[in-house]
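Take a look at the structure set out below.
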Amino acid sequence: MRVGIIGAGNNAAGHAKALEVMDEVEIVGTADPIVERAQAMADDFGGQAYGDHQVMLKEGDLDAVWVCSPCWLHADQTVDCLSAGAHVMCEKPMALSVEDCDRMIDAANTHGVKLMIDQTTRFVANLVEMQRIYQSGECGDLVRSWSIRESYHQIKNEANWRLDFDKSGGIVFEWEVHEIDFVRSIGGRVSEVYAHTAFSRPEAPGFLDY
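Per the working numbering, the sequence shown starts with residue 42, numbered consecutively.
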């Protein structure tokens, strides 16, 4: 399977490490507008570096593409790949609007290719066991879910796209999407939601980060 990767950040490198050990997979290209980063990925994992994913789609003869770019780019890039006849694994969040999600689904259906969103929480071993226990009926009905994510991700550059709500969707799209997806995978549609949030970075107004 000939695979291309869009994006050359940390997430892309993580996917590439998993892909390169699969005998049936060949990484044939990495596309990133910062060509130096794409070249670094190509040096580490093979394939050619591209500054434009459209060129990679035209030249790469790709079977599948891993979309690992920033959130606001997911929809258009995924539709481009699906329209080119490539299966797509897209990083979460799927997109930043329902309309864009629908466009992605429509493109996959129209062109007869697969689209998967990388919701990794569903595959974490202890959570898989939790899902098994619940679905077996051993613990009764799911009435309420309470989630605290204890992790630290420092954003040092104030120009980072993650601090721009229109580009990242904020903390719900960037991180809490995992918890929301996992709860829905166990109990189905959620009937009521509430949360406590706060601003801890006054230099980034509008970005709920706690």
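Glycine is no exception: its CB is placed at the ideal position from the N, C-alpha and C atoms. These numbers were taken from a predicted model, which means no experiment stands behind them.
- Message: Buried or exposed for MET130, going by 16 or more other Cβ atoms inside 10 Å?
- Response: Classification for MET130: buried.
- Compare the beta carbon distance of GLN89 and ALA83 with 8 Å and say whether it is the shorter of the two. It is a contact, given that the beta carbons lie within the stated cut-off.
- Span of the alpha helix (DSSP H), counted from its first residue to its last, around THR119: 115-124 is the extent of the alpha helix (DSSP H) around THR119.
- Query: Are the Cβ atoms of ALA148 and HIS115 separated by less than 8 Å?
  - Reply: Contact flag unset, no.
- Query: How many Å lie between VAL106 and GLU100 at the Cα?
  - Reply: VAL106 and GLU100: Cα-Cα distance of roughly 13 Å.
- Proximity winner among VAL169, LYS155, VAL154, relative to THR161 (alpha-carbon distances): The residue with the shortest Cα to Cα distance from THR161 is VAL169.
- Query: If you follow the beta strand (DSSP E) that THR71 is part of, which residue opens it and which one closes it?
  - Reply: Residues 67-72.
- For the beta strand (DSSP E) holding GLY87, just list the boundary residues, first then last. Looking at the DSSP string, GLY87 is not in any beta strand (DSSP E), and its letter there is neither H nor E.
- Message: Going by C-alpha to C-alpha distance, which of ILE227, ARG173, VAL154, GLY55 sits closest to ALA125?
- Response: Relative to ALA125, the option among ILE227, ARG173, VAL154, GLY55 whose CA is nearest is VAL154.
- Item | Cα-Cα separation between HIS237 and TRP113, rounded to whole angstroms | In this structure, the straight-line span from the alpha carbon of HIS237 to that of TRP113 is close to 25 Å.
- Query: Do you know offhand how far VAL213's Cα is from ASP222's?
  - Reply: Distance between the alpha carbons of VAL213 and ASP222 is about 11 Å.
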